[in-house]
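Visitor: In the working numbering, the protein residues as written are 1 to 533. The beta carbon of each residue, even a glycine, is placed where N, CA and C say it ideally should be. I am attaching a structure below and will ask some questions about it afterwards.
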Ligand code: ADP
């Protein structure tokens, strides 16, 4: 089936009340007939009317069949013509037949569903019937907005659900085609708040956070204030390496071990790096860590990836190496380019210990008076709570990388605002928060150590206009002109700084018993409270 590529024309729907300017030909003819009947019956009734007014004939029995049919024709043509001219009291009685797709759906829904132009209407029906696969619409129509609208309409009719609340307009569907999202039917709006300024490495940042959790931005903002008023935070990038670990199988475990030894030989690593780095001028292989389970070998490639988060880049590099190894290890069977030893988007000790993406530590010394004035608590309480909750409590829970209060809250909000992959919040939120009394117990030294902040300023969703604006706010939009990778590293340190602020503020709220009170103020609408009470 081929389609016209004109843009979709929408008309109000469902359109049962026919306005004169959209009347089809048979209805126009019917109107003419009604006029003729009206005039003829009026003409013929006129002398009868005279008779009707004479008392002797003012009785039904006195009317002839012709009189009765003339009266009937007169009244019904009059009613019809009233309806035609839009006399409202007659309109609801006119027969309304929704299109077959709407039958069985509730009336409110039917009334709100926009109709498409004749051509689009046909395509919607073809999508519903399965004649046209929904995923081919963009390619077939050559118009991403129109494809989204047709897919959405088909979805509404198929499910009987109204998507009216899901926005579709004012979005650049071209910008996501083949990169960010398939089968679009609209987009979700998220509020973006700003926390800051936070003084970090002697620069001030305003941190954009996309969230629907009340209190979160306000709390992070309070932490930023405490850090900035205490002279700021300092961050250090400890390591930078994205990973991918394919799994291969051999006939024997001994043979799998041979490949492990081969890969661990420094001279071999050099030649493998040459092959790996062909994937991109920004890719640079740092090492390969092997894990073995019987005949299966898991090879964790670690690679710096410039300003890209790097998953695509590393995967391409790994494929190059696998092809190369296949020449020397003919008996090697590639099971999967990802064998989960990477480990992407799942909690794993290997990430916590070895790191993935950017490993960052960020620290600040908060003056005692700021702890009191801004955070409304004291140094000793914070230190004690950190040990009992973030260290011991997390140990009791058997956490892995969860030695913190709520790092993932901040990580996820900044990830969404800046176009990162939100699923990578799993390992990116690994964090150990430390709090110690310094200066003879006067001040608080606080730090967050985060081994797996997986971020990029190119690729993924970073090019989308809203997300790019948030990156721009931080001064890290796109590829770094100074040094490849500088923007992504900077973004990782800003996230660590914001986590530091978030940890300080939430821990203070817990230490002073303010948490529930402030959540009731910022995190519950009045409506909810009333409903619950
Ligand atoms: P990822 O590897 O994070 O999934 P993409 O492959 O989508 O990201 O994006 C990386 C692309 O951006 C590559 O094609 C790379 O050549 C290009 N690129 C441009 N400038 C840079 C840079 N400074 N650092 C990394 N990649 C860059």
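1) When the distance is taken between beta carbons, is residue 358 closer than 7 Å to residue 201?
2) Write down the C-beta distance between residue 361 and residue 447 rounded to the nearest angstrom, noting that I regard them as a contact closer than 8 Å.
3) When we look at the beta-carbon of residue 53 and count the other beta-carbons within 10 Å, is it buried (16 or more) or exposed?
4) What are the residues that DSSP puts in a beta bridge with residue 301?
5) Once you ignore the five residues that flank residue 230 on each side, which residues in its own chain have a CB closer than 7 Å to its CB?
6) For the ligand ADP, is there a heavy atom less than 6 Å away from the beta-carbon of residue 422?
7) Could you tell me the distance, in whole angstroms, from the CA atom of residue 37 to the CA atom of residue 74?
8) Taking the alpha-carbon positions, what's the residue 552 to residue 72 distance?
9) For residue 138 and residue 126, which I take to be in contact (beta-carbon distance under 8 Å), what is that distance rounded to the nearest angstrom?
10) Tell me the DSSP secondary structure of residue 443 in three-state form.
11) Which one of 375, 422 and 506 has the shortest CA to CA distance from residue 406?
12) Flag residue 310 as yes when its Cβ comes closer than 6 Å to any non-hydrogen atom of the ligand ADP, and as no otherwise.
13) Report yes if the CB atom of residue 512 is closer than 7 Å to the CB atom of residue 377, and no otherwise.
14) Is any heavy atom in the ligand ADP found nearer than 6 Å to the beta carbon of residue 479?
15) On the criterion of 16 or more Cβ atoms from any shown chain inside 10 Å, does residue 243 qualify as buried, or is it exposed?
16) Checking the sheet assignment: what are the DSSP bridge partners for residue 453?
17) If I follow the unbroken beta strand (DSSP E) through residue 336, where does it start and stop?
18) In whole angstroms, what is the alpha-carbon distance linking residue 465 and residue 297?
19) Just to confirm the assignment, what range does the beta strand (DSSP E) spanning residue 433 have?
20) Should residue 283 be flagged as near chain D, meaning a C-beta pair shorter than 7 Å?
21) With a threshold of 6 Å (Cβ to nearest heavy atom), would residue 280 be considered close to the ligand ADP?
22) Can you grab the Cα-Cα spacing for the pair residue 321 / residue 271, in whole Å?
23) Label residue 6 either buried or exposed according to how many other C-beta atoms from any shown protein chain fall within 10 Å of its C-beta, with 16 as the threshold for buried.
24) Buried or exposed for residue 373, going by 16 or more other Cβ atoms inside 10 Å?
25) Check residue 211 in the structure and name its three-state DSSP category.
26) Just to confirm, is the Cβ distance from residue 501 to residue 236 under 7 Å?
27) State the DSSP-derived secondary structure class of residue 173, mapped to helix, strand or coil.
28) Report yes if the C-beta of residue 458 is less than 6 Å from at least one heavy atom of the ligand ADP; otherwise report no.
29) What is the rounded straight-line gap between the Cα of residue 354 and the Cα of residue 247?
30) Please state whether DSSP places residue 402 in a helix, a strand or coil.
31) Just the Cα atoms here: how many angstroms apart are residue 218 and residue 195?
32) Contact between the segment 314-329 and the segment 403-422 is defined here as three or more beta-carbon pairs at a separation below 8 Å; is this criterion met?
33) Which residue wins for smallest C-alpha separation from residue 338, given the options 312, 463, 445 and 478?
34) Rounded to whole angstroms, what is the Cα-Cα separation between residue 493 and residue 408?
35) Is residue 306 a contact residue of the ligand ADP, with contact defined as CB to any heavy atom under 6 Å?
Guide: Let's see:
1) no
2) 6 Å
3) Residue placement at residue 53 cannot be trusted, given a pLDDT of 48 that sits under 50; what the coordinates show is reported in the next sentence. Exposed, since its Cβ has fewer than 16 Cβ neighbours within 10 Å.
4) 244 and 288
5) 364, 365, 366, 367 and 370
6) no
7) Cα to Cα, residue 37 sits roughly 7 Å from residue 74.
8) Only positions 1 to 533 of the chain appear in the structure, and residue 552 is not among them; the question remains open.
9) So it is not a contact: roughly 15 Å between Cβ atoms.
10) Three-state result, residue 443: strand.
11) 506
12) yes
13) yes
14) yes
15) buried
16) 358
17) 333-336
18) 42 Å
19) 431-438
20) No chain D is present in this structure, which holds just one protein chain.
21) At a cut-off of 6 Å, the beta-carbon of residue 280 counts as near the ligand ADP: some heavy atom of the ligand is closer than that.
22) About 10 Å.
23) Residue confidence for residue 6 is low, a pLDDT of 34 falling below 50, so the modelled location carries little weight; the figure read from the coordinates is stated next. Result: exposed.
24) Exposed.
25) Here residue 211 sits in coil by DSSP.
26) For residue 501 and residue 236, no; Cβs fall outside 7 Å.
27) helix
28) yes
29) 19 Å
30) strand
31) 7 Å
32) no
33) Of the candidates 312, 463, 445 and 478, the one whose C-alpha sits nearest the C-alpha of residue 338 is 312.
34) Rounded to whole angstroms, the gap between the alpha carbons of residue 493 and residue 408 is 15 Å.
35) yes
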